[in-house]
Every structure is written in C-alpha cells, then in structure tokens.
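Protein chains in written order, with the numbering used here: chain A, 1 to 351; chain B, 352 to 637. Positions of the beta carbon are idealized from the N, C-alpha and C atoms, including for glycine. Take a look at the structure below.
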C-alpha cells in the first residue's frame with residue numbers, strides 16, 4: 001500500500017515470558033510467592049518419574065462448587081463471618097467473558113467487580129478505570145474489601161448493599177472453592193443450592209520419554225546471556241510439549257512431520273498427571289512442597305482462568321486475543337533450584 | 352459487549368411498497384440467533400432504501416416475527432421504540448435494534464432523514480459521490496450516525512482524510528462491513544482496497560465493524576474479525592474497539608441526537624406507565 005501513514009503503535013500487544021531462578025532454601029521463596037499470589041487456577045499438570053503424584057494431588061486437591069448467588073449475599077455479615085473470615089473462599093462468575101460481560105470474583109479477601117461502562121455508570125459505587133482495554137473509560141473495576149469495611153451500621157455497607165440490590169440484583173452463577181487457610185484442602189461449603197463438583201484427574205504414563213538435562217548455566221547463574229535465554233526457551237518449550245504428551249517428546253514422532261529435537265535428552269519413564277477444576281493456590285503449593293521433599297526432579301504447569309479479573313499479586317488481567325496467565329516450574333531438588341516461567345498475555349498488568 | 356450494527360433486510364424491502372416475506376424473516380431470525388451464539392450482544396436490522404424516505408417504509412416492520420432469545424427495541428404491535436440508550440439485556444439474550452441506511456445521490460434526499468427522527472435506533476447514509484460524502488461528513492444532515500460505504504464496489508470518489516476527519520469530529524462513525532471479504536476474488540480485492548482506504552483516512556478511530564450478513568453462514572465471531580483487521584493494519588485493540596466501544600459510541604450518538612434535549616435532558620418513562628406500574632395502579636384503585 002503506497003503512501004501509507006502508519007497507525008499509532010500499539011502499546012500492549014505482546015505476550016511476555018518471565019524466567020526466574022530461585023533457591024529452594026532461600027528466605028525470599030520466590031517460587032512459592034509465584035504460586036500463592038495466583039488465586040484463580042483451573043488446571044495443573046505435573047510431569048514426574050514418581051508414581052505417587054496422583055495420590056499426593058488427591059490429598060490436597062478436592063471438590064469445588066457450582067452455586068447461584070446474588071452479589072449482595074457475599075457482603076452479608078453472616079456470610080462473611082461464617083465463610084470469608086474462617087477459611088479461604090475463591091469465587092469466579094462462570095460463563096462470563098472478561099472482555100464482553102460483567103465479571104465478578106472473590107480472591108479470598110476482596111469482592112472484585114469488573115464491569116462495563118453501562119453497568120458502572122448506573123452502579124453508583126466508586127471504582128477505577130481499568131487499564132485494559134487500553135482506551136480508558138470502557139471498563140471499570142470496583143473492589144470491595146470484605147474483611148475490612150462490611151459493618152452493617154456503617155454508611156458504606158448500606159450504600160454497597162443498596163446499590164448491589166438495585167443494579168446487580170440478578171443471581172449469578174459462580175464457581176466457588178472453599179479451602180483451608182493453611183493447607184488448601186477443601187472444606188465443606190454448605191450454602192443451600194450449591195452443587196458439588198469433583199475435579200477431573202487424568203494420568204498418562206509415557207515410557208521412554210525424552211527428558212532434557214536442565215543445563216548447568218540455568219541452575220548456576222542469573223546472567224541473561226544469549227545462551228542462557230536459548231536454554232530457558234528450550235526448557236519451557238519442552239515442558240509445554242511434555243504437558244500435552246506430545247509425540248515429539250515421546251520419541252514417536254515422524255522426522256518428516258516434526259523437526260523438533262529434545263536438547264541433550266535422557267530416556268526416562270515419566271508420568272503426566274493433570275487435574276482440572278477450581279484449584280486452590282495453597283493446595284498447589286502444598287502438593288509441590290511434598291514433591292520437593294521426595295527429592296526427585298519434576299515439572300509443573302499451572303493455568304489460570306482466561307476470564308479472571310486478576311492474575312498475580314492482584315494485577316489486573318483481561319482478554320486480548322488470548323487471556324493466558326499460566327506458569328511452569330522446573331524443580332531440581334538435589335541442587336535446591338527451581339526455574340519458574342511466568343507467561344502473561346498482552347493485557348495483563350503484571351507484565 | 353460486542354455489537355453488529357448491520358444485518359440487512361432483503362433489498363426489496365427498501366422499495367416503495369416493499370415487504371419482507373415470512374421465509375425471509377425466518378432467515379433473518381436464524382442470523383440473529385447465530386449472532387447471539389457467536390457472542391454478540393446487540394445487533395441492528397438494517398433497512399436500506401434508495402431515494403427519499405416515505406412513511407410507508409416503516410410498514411416493513413409490521414410483520415416482524417418473534418425472535419427467540421431476543422429483545423426488540425420496538426413494540427411489535429405498535430412499532431414504537433422502547434427502551435433507553437443502554438442496550439443491556441439479560442444473560443443469554445440479544446438486543447435487536449432497527450437501523451435505516453439511505454443511499455444518497457442527491458442532497459435533497461438527505462434532508463428527508465430528519466423525518467425519521469425517533470423511529471429508528473440508528474441512521475446511516477451511503478453516499479454515492481464526492482459531494483454526498485462531504486455532505487454526510489460535515490454535518491449538513493443532522494440525522495446521521497454512521498457513514499456506510501459499499502466495500503465491495505469500486506468507488507467513484509476518494510475518501511480523503513480531510514473530509515473524514517470532519518465526520519469523526521462530529522461523532523459520526525465510519526463503517527467497514529466484512530461480508531464482501533468473504534465473496535468472490537474480485538470483490539475481495541476491492542474490499543481490501545476500500546477498507547484500507549477507510550482505515551488510512553480514520554487512522555483506526557471511530558471505525559465500526561459490521562457483518563452485512565444476509566445469512567447465518569456469513570457471520571464471523573468477534574475474535575475472527577479482530578484477526579481480519581490485522582490485514583488492514585488495524586491491530587487487535589483497535590479491531591475489538593471497532594466491535595465494542597466504537598459501536599456503543601455510535602448508538603449513544605444516535606440516542607443523544609434523537610432522544611435528548613441538547614444532550615442534557617432525556618425523558619424517562621415513569622414507573623406508572625410501565626406494565627407493572629399500571630397493574631399496581633389498578634390494584635390500588637380497586
């Protein structure tokens with residue numbers, strides 16, 4: 001096209017991958033913080049030689065619930081004292097798209113309302129303009145701290161209650177997970193009308209899987225040379241292929257159709273265990289701690305909900321043409337090392 | 352919310368004495384249902400007419416059937432518009448609006464659009480020459496919300512940035528319909544050229560994507576349209592805006608123009624006039 005005047009450059013159009021190396025005995029616990037600050041998870045895959053991963057998962061990962069509630073039910077003082085204050089409650093509105101609908105969520109402490117312009121203008125609650133979409137003023141986020149401000153005698157509670165009943169008064173379907181604060185194990189959520197859902201757990205055994213040796217330069221240094229970056233990309237790529245049990249890593253792919261080769265492969269019998277559902281971050285952390293204690297190398301992938309309003313550290317999240325907010329970790333316990341890969345979509349404030 | 356502000360009625364409906372047969376309505380209903388399944392929340396049924404607008408053009412809507420999972424912006428019995436500016440409907444439902452597109456070859460035809468005021472949710476003009484494009488963009492006619500250009504045909508005018516900028520300043524949107532991009536080879540070539548010209552002239556602002564889909568198979572999902580925009584150097588953000596925020600802005604422009612007094616006061620029907628209010632009145636009176 002001649003005489004083409006370029007359009008304004010797009011600021012947020014690239015997905016990002018953050019690679020972190022952390023020491024398992026370090027006080028910073030970066031690998032743990034990454035897990036515990038990511039509340040909305042829907043799938044975990046563990047690739048390991050251990051045959052007891054499924055049992056370890058079953059110990060911590062348990063049922064969640066489908067329930068239809070009004071938003072004003074969540075700010076009810078009885079609900080807050082019986083559920084929010086006692087354990088960790090995670091809730092996400094189901095069948096709602098973050099870039100098209102109003103999405104509601106609870107991350108354990110706050111009720112997050114990610115609403116469109118029309119809803120916000122009639123809602124009457126103070127929020128802030130969402131960072132995404134990039135054009136300000138088309139989406140707004142209202143956060144209500146359920147632990148701090150919900151005293152029925154106070155005007156703020158009455159205002160919130162009135163506005164939710166007046167504007168957002170239709171019942172909403174939620175996925176609700178109710179978990180023990182310390183271990184992340186599921187606790188009974190005895191709200192009337194709640195339907196219990198058991199996470200789906202699949203196990204696949206892949207004999208003679210080609211497993212790469214984690215390069216020494218990735219374990220020993222943080223210096224981002226070209227070689228370091230290349231090795232990190234290769235490892236991340238392998239973890240993704242292994243999590244999907246690709247033929248390329250099973251050693252059964254045809255050379256005519258796949259040019260992929262595993263870097264420095266070793267043949268091992270591996271097991272790929274996948275659990276799907278609403279998964280607690282604390283439970284995932286507990287599972288990983290147990291696997292680390294077993295002192296075998298293993299790899300973890302965790303995927304967050306595409307339509308969750310927040311990702312890591314309550315960073316705003318939205319859906320561009322993808323809504324990825326996933327992370328993968330490679331644990332090398334005998335060297336006390338963990339390599340973490342955080343993949344953020346273009347519209348994610350964490351990046 | 353995603354909007355598709357152009358699901359056309361049959362061409363014959365735009366002629367004097369034209370009507371839509373029940374088979375054609377069934378096809379339109381199928382298209383609307385497909386739009387709902389694909390994720391659109393608001394669609395507009397578009398009546399395209401040549402020449403001056405006459406009152407009998409409104410009679411086309413008298414035979415509107417009931418659409419499944421849809422909420423119409425007009426009363427099927429009386430034809431009167433209902434509802435406010437915002438078109439939020441219940442979950443799983445789609446809002447159906449009425450749109451008028453006038454193909455304008457003569458300046459006097461544009462002035463007849465003022466008589467439409469209030470009957471249609473959105474009014475668009477399709478200019479056929481340079482002078483009409485200038486008239487559509489510079490505010491000569493008050494009742495214009497969208498400037499529609501035939502994307503599948505070679506234009507006998509040039510969409511200059513100077514002219515188009517006047518439309519953008521007035522809040523008038525420019526439409527890119529993607530149905531010609533799914534047609535034959537020559538039509539596709541022409542579509543790329545025309546659509547790129549619109550994007551160049553507007554720099555991606557105030558552009559709205561519409562389908563102009565005559566059947567359900569011609570519809571595409573919003574994210575597919577966002578990918579199609581990459582061909583025109585409309586990045587994903589601008590494409591999604593063209594399907595959502597810009598289309599909403601066009602609707603608000605139409606509402607402000609037709610239903611408010613100087614964009615300050617909008618009449619609201621009292622609760623007493625709504626069906627529940629009338630029933631309550633009757634109960635209290637008895």
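Whose Cβ in chain A lies nearer than 7 Å to the Cβ of residue i?
i	result
residue 592 of chain B	133 and 135
Excluding the five sequence neighbours on either side, which residues of its own chain have a C-beta within less than 7 Å of the C-beta of residue i, listed in chain order?
i	result
residue 2 of chain A	Confidence is the limiting factor: at residue 2 of chain A the pLDDT is only 38, short of 50, which leaves the residue's position unreliable, though a coordinate-based value still follows. Here the set comprises nothing.
residue 557 of chain B	519, 524, 525 and 597
residue 206 of chain A	245, 250, 270 and 272
residue 489 of chain B	517
residue 13 of chain A	346
residue 51 of chain A	271
residue 563 of chain B	357, 359, 528 and 530
residue 626 of chain B	Its pLDDT being 49, under 50, residue 626 of chain B is placed unreliably in this model, and the coordinates cannot settle the point.
Would you mind working out which of the options sits nearest residue i, comparing C-alpha positions?
i	options	result
residue 569 of chain B	B:547, B:354, B:358 and B:447	B:358
residue 47 of chain A	A:65, A:336, A:331 and A:350	A:331
residue 339 of chain A	A:15, A:36 and A:20	A:20
residue 176 of chain A	A:156, A:84, A:98 and A:248	A:84
residue 263 of chain A	A:305, A:79, A:248 and A:257	A:248
residue 368 of chain B	B:413, B:461, B:473 and B:447	B:413
residue 323 of chain A	A:336, A:34, A:313 and A:305	A:305
residue 472 of chain B	B:495, B:457 and B:386	B:495
residue 195 of chain A	A:351, A:265 and A:174	A:174
residue 485 of chain B	B:474, B:503, B:502 and B:515	B:515
residue 65 of chain A	A:199, A:22 and A:16	A:199
residue 192 of chain A	A:79, A:297, A:217 and A:164	A:79
residue 431 of chain B	B:449, B:499, B:366 and B:604	B:449
residue 139 of chain A	A:118, A:111, A:148 and A:149	A:118
Output, in chain order, the set of chain A residues within a Cβ distance shorter than 9 Å of residue i.
i	result
residue 390 of chain B	97 and 100
residue 352 of chain B	100, 101, 116 and 118
residue 587 of chain B	10, 13, 320, 321 and 346
Using the Cα positions of residue i and residue j, report the straight-line distance between them to the nearest angstrom.
i	j	result
residue 606 of chain B	residue 523 of chain B	13 Å
residue 88 of chain A	residue 220 of chain A	37 Å
residue 398 of chain B	residue 320 of chain A	33 Å
residue 598 of chain B	residue 577 of chain B	14 Å
residue 209 of chain A	residue 267 of chain A	5 Å
residue 159 of chain A	residue 168 of chain A	13 Å
residue 511 of chain B	residue 517 of chain B	10 Å
residue 548 of chain B	residue 69 of chain A	49 Å
residue 106 of chain A	residue 151 of chain A	18 Å
residue 237 of chain A	residue 329 of chain A	12 Å
residue 145 of chain A	residue 161 of chain A	13 Å
residue 446 of chain B	residue 508 of chain B	35 Å
residue 116 of chain A	residue 476 of chain B	29 Å
residue 457 of chain B	residue 583 of chain B	31 Å
residue 4 of chain A	residue 501 of chain B	Summary for residue 4 of chain A: the model assigns pLDDT 48, below 50, so the residue's position carries little reliability; its value from the coordinates is reported in the next sentence. For residue 4 of chain A and residue 501 of chain B, the distance between alpha carbons rounds to 22 Å.
residue 391 of chain B	residue 292 of chain A	47 Å
Can you list the residues of chain A that residue i reaches, using a CB-CB cut of under 8 Å?
i	result
residue 606 of chain B	Neighbours of residue 606 of chain B on chain A: none; closest Cβ ~12 Å, over 8 Å.
residue 489 of chain B	Within 8 Å Cβ-Cβ: nothing; residue 489 of chain B doesn't reach chain A, min ~22 Å.
residue 577 of chain B	321
residue 574 of chain B	321
Within the same chain, show all residues whose beta-carbon is closer than 6 Å to that of residue i, passing over the 5 residues directly before and after it, in chain order.
i	result
residue 376 of chain B	416
residue 260 of chain A	248
residue 274 of chain A	45 and 202
residue 299 of chain A	47, 239 and 330
residue 624 of chain B	The predicted model places residue 624 of chain B with a pLDDT of 48, which falls under 50 and marks its position as unreliable; any figure quoted below should be read in that light. Nothing listed; no residue qualifies.
residue 15 of chain A	345 and 346
Residue i by DSSP, collapsed to three states: which one?
i	result
residue 197 of chain A	strand
residue 118 of chain A	helix
residue 212 of chain A	strand
residue 551 of chain B	helix
residue 340 of chain A	strand
residue 624 of chain B	Here the model assigns residue 624 of chain B a pLDDT of 48, short of 50, so the residue's position is not dependable and the matter cannot be decided.
residue 488 of chain B	helix
residue 29 of chain A	coil
residue 136 of chain A	coil
residue 261 of chain A	coil
residue 508 of chain B	coil
residue 229 of chain A	helix
residue 393 of chain B	strand
residue 2 of chain A	The pLDDT assigned to residue 2 of chain A is 38, lower than 50, so where the model puts this residue is not dependable, and the model offers no usable value.
residue 448 of chain B	strand
Residue i touches chain B at which residues, Cβ-Cβ below 9 Å?
i	result
residue 138 of chain A	592, 595, 596 and 599
Run down chain B in chain order and give the residues with a C-beta less than 8 Å from the C-beta of residue i.
i	result
residue 67 of chain A	Going along chain B, no residue has its Cβ under 8 Å from residue 67 of chain A, so there is no contact; the nearest lies around 16 Å.
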